[in-house]
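When the letters of the sequence shown are read in order and numbered with this note's numbering, they come out as residues 193 to 408. We put the CB at the ideal spot given by N, CA and C, even for glycine. The structure appears below as structure tokens.
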Amino acid sequence: MARGRWLSERRADPWVKRAKREGYPSRAAYKLKHIQELYSLIGLGDIVVELGAAPGGMLKAASEIVGEEGLVLGVDVKPIRCSGPNIRTLVLDIMSPTAPEAILRELEYVKCDVLISDASVNLTGVVEMDTLRQLELVLRCCEIADMVLKDGGNIMFKAFECPELQLIERPLRRHFKQFKRVITPPSLRKHSSEIFLIGLGRERAPIAPLLREALQ
Ligand SMILES: C[S@@+](CC[C@H](N)C(=O)[O-])C[C@H]1O[C@@H](n2cnc3c(N)ncnc32)[C@H](O)[C@@H]1O
């Protein structure tokens, strides 16, 4: 999309205006709130890790849900503009081989209850390329989940709709007590194929090798 059109759509976006009014760093806060209302993804006192957390809309919403006894850790290649007594942040490329260890170190080696990813690739406009690169991010998030998410934990990963996504959904479904795919109201922008994959109550790990196998 041309930058001028993107900017004018953004200025007119009611979710952007609402986020500004209510003090969230981004409109993504309402995507998490919507999914939380539907599925109670996050519990009071939980440890939550968010991959791709800058500027911090979802992180702030998650910090409100976990409360004072909980902890949220936001990870991004960019600095995250969000702070609070139960918020930690980490500047890190999740594709780097040492990312899972860096996350665990930050959590003092306590695994998390919920792993969220709102990480997105920079869009080139070439749809096939963008969806496949986003799929690679989803696979990386599954590898990280295999290492940092506790048994019985929940996930919420952003993906773009594509035929390959359906290939990995079947093995994903088998690893969680409940599996859902959700399009949130703020995702319903023109030109968007964004969906969130939700897994509740992981029953088995590792997941990532099976997903890679499903794609071969
Ligand atoms: C849509 S934004 C996230 C918005 C955020 N969840 C919020 O609530 O404000 C996508 C983010 O993914 C991050 N990202 C993309 N690839 C990444 C990677 N390899 N490692 C870490 N962060 C990444 C980008 O830097 C960007 O900040």
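Check: Excluding the five sequence neighbours on either side, which residues of its own chain have a C-beta within less than 8 Å of the C-beta of Glu356, listed in chain order?
Finding: Stepping through the sequence shown from its first residue, residue 356 is reached at position 164. The residues are Thr323, Leu324, Leu327 and Leu407.
Margin query: Can you confirm whether the region 219 to 237 touches the region 279 to 290 when touching is taken to mean that 3 or more C-beta pairs between the two stretches lie within less than 8 Å?
Written below: no
Notebook entry, point to check: Taking all protein chains shown into account, do 16 or more other C-beta atoms lie within 10 angstroms of the C-beta of Tyr216, making it buried, or fewer, making it exposed?
Noted result: Counted from its first residue, the sequence shown places residue 216 at position 24. It is buried - the Cβ of Tyr216 has at least 16 other Cβ atoms within 10 Å.
Next item on the list: Confirm the yes/no value for this check: CB of Ser385, any heavy atom of ligand 1, distance under 7 Å.
Entry: Taking the first residue of the sequence shown as 1, we reach residue 385 at position 193. Ser385: no, Cβ never under 7 Å from ligand 1.
Margin query: Is the separation between the beta-carbon of Ala246 and that of Lys225 shorter than 8 Å?
Written below: Here residue 246 refers to the residue found at position 54 of the sequence shown. Here residue 225 refers to the residue found at position 33 of the sequence shown. No; because the gap between Cβ atoms is not below 8 Å, this pair is not in contact.
Margin query: Which of the three DSSP states is assigned to Met287 in this structure?
Written below: Along the sequence shown, one-based indexing puts residue 287 at 95. Three-state result, Met287: coil.
Notebook entry, point to check: Span of the beta strand (DSSP E) holding Cys408?
Noted result: Here residue 408 corresponds to residue number 216 of the sequence shown, with the count starting at 1. In the sequence as displayed, the identity of residue 408 is Gln instead of Cys. Element bounds for Gln408: n/a, residue is neither H nor E.
Notebook entry, point to check: Cβ of Val264 versus every heavy atom of ligand 1: is any distance shorter than 7 Å?
Noted result: Counting from one through the sequence shown, the residue named residue 264 turns up at place 72. Not one heavy atom of ligand 1 is found less than 7 Å from the C-beta of Val264.
Next item on the list: Can you tell me which of the three DSSP states Asp338 falls into?
Entry: Here residue 338 refers to the residue found at position 146 of the sequence shown. Of the three classes helix, strand and coil, the one that applies to Asp338 here is helix, per DSSP.
Check: Mind checking Lys350: buried by the 16 CB within 10 Å criterion, or exposed?
Finding: Residue numbering aside, residue 350 sits at position 158 when the sequence shown is read from its first letter. With 16 or more other Cβ atoms within 10 Å, it is buried.
Checklist line | Distance cut-off 7 Å: Asn250 Cβ against heavy atoms of ligand 1 | finding: What you label residue 250 is simply residue 58 of the sequence shown in a count that begins at 1. Residue 250 is actually Met in this sequence, not Asn. Checking the Cβ of Met250 against ligand 1 gives yes.
Notebook entry, point to check: In the DSSP assignment, what are the bridge partners of Leu392?
Noted result: Sequence index remark: in the sequence shown, residue 392 carries index 200 (1-based). Gln370.
Check: Is any heavy atom in ligand 1 found nearer than 7 Å to the beta carbon of Lys369?
Finding: For the purposes of this step, residue 369 is identified with residue 177 of the sequence shown, where counting begins at 1. No, ligand 1 has no heavy atom inside 7 Å of this Cβ.
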